[in-house]
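First comes the structure, then the notes that go with it.
Number of protein chains: 2
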Amino acid sequence: MATLPKFLKTDYFLTAAECNAESELALSTLVRHIIESATEHANRLNVGYSRLAETGIAWVLSRLALEMKRMPRVNERFSLETRVTAIDRHSSDRLFEITDAEGKQLGMARTVWVALDIANRKLADLSMLTELAAIAAPYSPACAPPKRLRMQKQPDTVKDLSVCYSDLDINRHLTTTRYIDFMVSAFDMEWHDRNRISRMDVVFMRETLPGASISIATTALSDREVQLDISQNGEAHVLGLFTHEPRQ
Amino acid sequence: MATLPKFLKTDYFLTAAECNAESELALSTLVRHIIESATEHANRLNVGYSRLAETGIAWVLSRLALEMKRMPRVNERFSLETRVTAIDRHSSDRLFEITDAEGKQLGMARTVWVALDIANRKLADLSMLTELAAIAAPYSPACAPPKRLRMQKQPDTVKDLSVCYSDLDINRHLTTTRYIDFMVSAFDMEWHDRNRISRMDVVFMRETLPGASISIATTALSDREVQLDISQNGEAHVLGLFTHEPRQ
Chain H
1 MATLPKFLKT DYFLTAAECN AESELALSTL VRHIIESATE HANRLNVGYS
51 RLAETGIAWV LSRLALEMKR MPRVNERFSL ETRVTAIDRH SSDRLFEITD
101 AEGKQLGMAR TVWVALDIAN RKLADLSMLT ELAAIAAPYS PACAPPKRLR
151 MQKQPDTVKD LSVCYSDLDI NRHLTTTRYI DFMVSAFDME WHDRNRISRM
201 DVVFMRETLP GASISIATTA LSDREVQLDI SQNGEAHVLG LFTHEPRQ
Chain D
1 MATLPKFLKT DYFLTAAECN AESELALSTL VRHIIESATE HANRLNVGYS
51 RLAETGIAWV LSRLALEMKR MPRVNERFSL ETRVTAIDRH SSDRLFEITD
101 AEGKQLGMAR TVWVALDIAN RKLADLSMLT ELAAIAAPYS PACAPPKRLR
151 MQKQPDTVKD LSVCYSDLDI NRHLTTTRYI DFMVSAFDME WHDRNRISRM
201 DVVFMRETLP GASISIATTA LSDREVQLDI SQNGEAHVLG LFTHEPRQ
């Protein structure tokens, strides 16, 4: 058996068509790269979706944290490196490092994945994934773990959203990256021109099905932090926290 | 000077994260690949955005047609090949061929690009682009040219949409691919499960700015064709026509 690849590094080139209004990599696109990169690494380790599906379980992204010193800019090359930093019976942690073409760190991310038993929708046991346990190791420098969030009771603003066909993915529910799009869209272009998101924490709690009417509530926790709660009928689906700072 | 590359072929692998609810390449993602591929080929021919920007003009996608026998599916490799088929004083035509891993044709696309004088927003003269004229040549098999469309006066349904921050691109207006997302979202998942879009015609007429309130009107022209008009205050911005057929 070949040596298990302890990490996976993917190189990217940021085309104009993939940029946001500030000519930078959009947060949701970075999250898509993070998910794809974790998926590809898991496949190479033979602990991907297809292996898990054989025993009726599926990987689900549970929490995410992302800290960026700066975002890649248009026509810039950057890389994303992922490795498994921990695994226990019910969850697995991954660390991601985003670097520029010279290898200088632009930011880091951490994800917590759980395995769900598809039949009973309960947490599955991961102890059989010996390949993951064999390579999981702490890594330094670390990114602070994704925060656990609770829905805010007295939001500043609430906006209604509806889930459209183009928001759906292969799992036939609202795709992960659209939650991030909804969150960044709680602010207008002028806000994004003045501020940058230096850290984002996201907790994924319930899936959102086609045709659902959801709402996004924003609550300023301080002049640097705002919480973004996406819910349906009062039930939390996805909670986010943006830490922001004025652009230089 | 090196020989000008008459065509550009790009290879893709369709990851699960890029699929729609039918586990196929989403229409808007294919359009993004088409735009990126045209942009990259123009850059290699030295007739890209930066060369044109020197004289204060910019490429603008004016019309698009796309005909698909079938869409690439999850975990499938496919290719997109683009070439310039015509150029006159004010516009340039491109043809795209989408093929599977065995080189079998999955579909074709055609685009019409115009050059806009950024200062006076009028059509610019393309005669100085001798590099394009040197390689422009008809190519067979051809895809029927993008249809010219007019706004329908008595739509069946009208839905309001608002332009969010995440809908914007580097040009600080509603990004091309989101118009396609809005159009496919005029139908729900059950409709897409039963039908496939075999041809799409799109005409881009006016840009949509941040914060705009637009509407999308749908008009069934026959049991196989539906027109999708995106407008603001009664002014046409983007008009589309879907030809569809029951899935096998």
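Quick note, the sequences are listed as chains H and D, same order. For the first sequence, full-length UniProt numbering gives the first residue as 1, with consecutive numbering after it. For the second sequence, full-length UniProt numbering gives the first residue as 1, with consecutive numbering after it. Built from N, CA and C at the ideal position, the CB exists for glycine as well. Model, not experiment: these values are computed from the prediction.
Asked: Any chain D beta carbon closer than 9 angstroms to H:Phe-96; Found: no
Asked: Min CB distance D:Ser-92 to chain H below 9 angstroms; Found: no
Asked: Reduced DSSP secondary structure (H/G/I, E/B, other) of H:Val-74; Found: coil
Asked: Beta strand (DSSP E) segments (min. 3 residues) lying fully within the region 138 to 162 of chain H; Found: 157 to 162
Asked: Identity of the residues DSSP links to H:Arg-84 by a beta bridge; Found: Before going further, note that residue 84 of chain H is Val rather than Arg in the sequence given. In the DSSP output, where bridge partners are listed per residue, H:Val-84 has H:Arg-94.
Asked: Segments assigned alpha helix (DSSP H), at least 4 residues, entirely inside the region 7 to 63 of chain H; Found: 27 to 44, 49 to 53
Asked: Element boundaries [alpha helix (DSSP H), containing H:His-192]; Found: 189 to 194
Asked: Chain D contact for H:Tyr-12 (CB, 9 angstroms cutoff); Found: no
Asked: Residue of D:Leu-209, D:Thr-218, D:Leu-4, D:Arg-172 minimising C-alpha distance to D:Phe-182; Found: D:Thr-218
Asked: Within-9 angstroms CB hit, D:Thr-130 to chain H; Found: no
Asked: Beta bridge counterpart(s) of D:Gly-107 as assigned by DSSP; Found: D:Met-68, D:Ile-98
Asked: Nearest neighbour of H:Val-84, chosen from H:Ala-42, H:Ile-216, H:Gly-240, H:Leu-52 [CA to CA]; Found: H:Ala-42
Asked: Beta-carbon neighbours of H:Pro-210, restricted to chain D and to distances below 8 angstroms; Found: Ala-21, Asp-188, Met-189
Asked: With 16 other Cβ atoms within 10 Å as the buried cut-off, status of D:Glu-24; Found: buried
Asked: Pairwise C-alpha distance: D:Phe-78 and H:Tyr-12; Found: 19 angstroms
Asked: Close beta carbons around D:Tyr-139, own chain, < 7 angstroms, minus the five adjacent residues each side; Found: Arg-83, Thr-85, Leu-95
Asked: Residues that H:Val-184 contacts on chain D, provided the C-beta gap is smaller than 8 angstroms; Found: Tyr-165, Ser-166
Asked: Contacting positions in the region 34 to 47 of chain D - beta carbon closer than 9 angstroms to chain H; Found: Ile-35, Glu-36, Thr-39, Glu-40
Asked: Beta-carbon separation (whole angstroms), H:Ile-87 vs H:Lys-159, contact threshold 8 angstroms; Found: That belief does not hold up - the Cβ atoms of H:Ile-87 and H:Lys-159 are roughly 38 angstroms apart, past 8 angstroms.
Asked: Environment of H:Arg-247 [buried if 16+ CB atoms lie within 10 Å]; Found: exposed
Asked: Bridge partners - H:Gly-240, DSSP secondary structure assignment; Found: H:Val-202, H:Leu-228
Asked: Own chain residues within Cβ distance below 7 angstroms of D:Pro-145, not counting five before or after; Found: Ala-65, Arg-110
Asked: Cβ distance (whole Å) where D:Ser-127 is taken to contact D:Arg-89 below 8 angstroms; Found: 6 angstroms
Asked: For D:Ile-118, the first and last residue of its enclosing beta strand (DSSP E); Found: Counting along the chain, D:Ile-118 falls outside any beta strand (DSSP E), and DSSP gives it neither H nor E.
Asked: C-alpha gap between D:Leu-80 and D:Glu-67, whole angstroms; Found: 13 angstroms
Asked: Contact check, H:Thr-176 vs H:Leu-168, beta carbons under 9 angstroms; Found: no
Asked: Inter-residue spacing [alpha-carbon to alpha-carbon] between D:Gly-56 and D:Phe-187; Found: 40 angstroms
Asked: Which residues DSSP lists as bridging D:Ser-185, in chain order; Found: Beta-bridge pairing links D:Ser-185 to no other residue.
Asked: Euclidean distance between Cα positions of H:Met-151 and H:Asp-229; Found: 6 angstroms
Asked: Within chain D, partners of H:Asp-181 - CB distance below 9 angstroms; Found: Cys-164, Tyr-165, Ser-166, Asp-167
Asked: CB contact check: D:Met-1 to chain H, cutoff 9 angstroms; Found: Reliability fails at D:Met-1, whose pLDDT of 48 lies under 50, so the model's placement of it is uncertain and the value that follows must be treated cautiously. No, no contact with chain H.
Asked: Nonlocal neighbours in the same chain, by C-beta distance under 6 angstroms from D:Pro-5, ignoring five residues either side; Found: Arg-44
Asked: Paired residues, beta bridge with D:Leu-3 - DSSP; Found: The residue asked about is misnamed: residue 3 of chain D is Thr in this sequence, not Leu. DSSP, once it has assigned bridges, lists no residue as partnering D:Thr-3.
Asked: Near the ligand GTP: H:Glu-102 beta-carbon under 8 angstroms from a heavy atom; Found: In the structure on display, the ligand GTP does not appear, and there are no ligands present to speak of.
Asked: Unbroken alpha helix (DSSP H) run spanning D:Ala-133, endpoints; Found: 130 to 135
Asked: Nearest to H:Glu-102 (by Cα), restricted to the options H:Val-112, H:Glu-76, H:Met-108; Found: H:Glu-76
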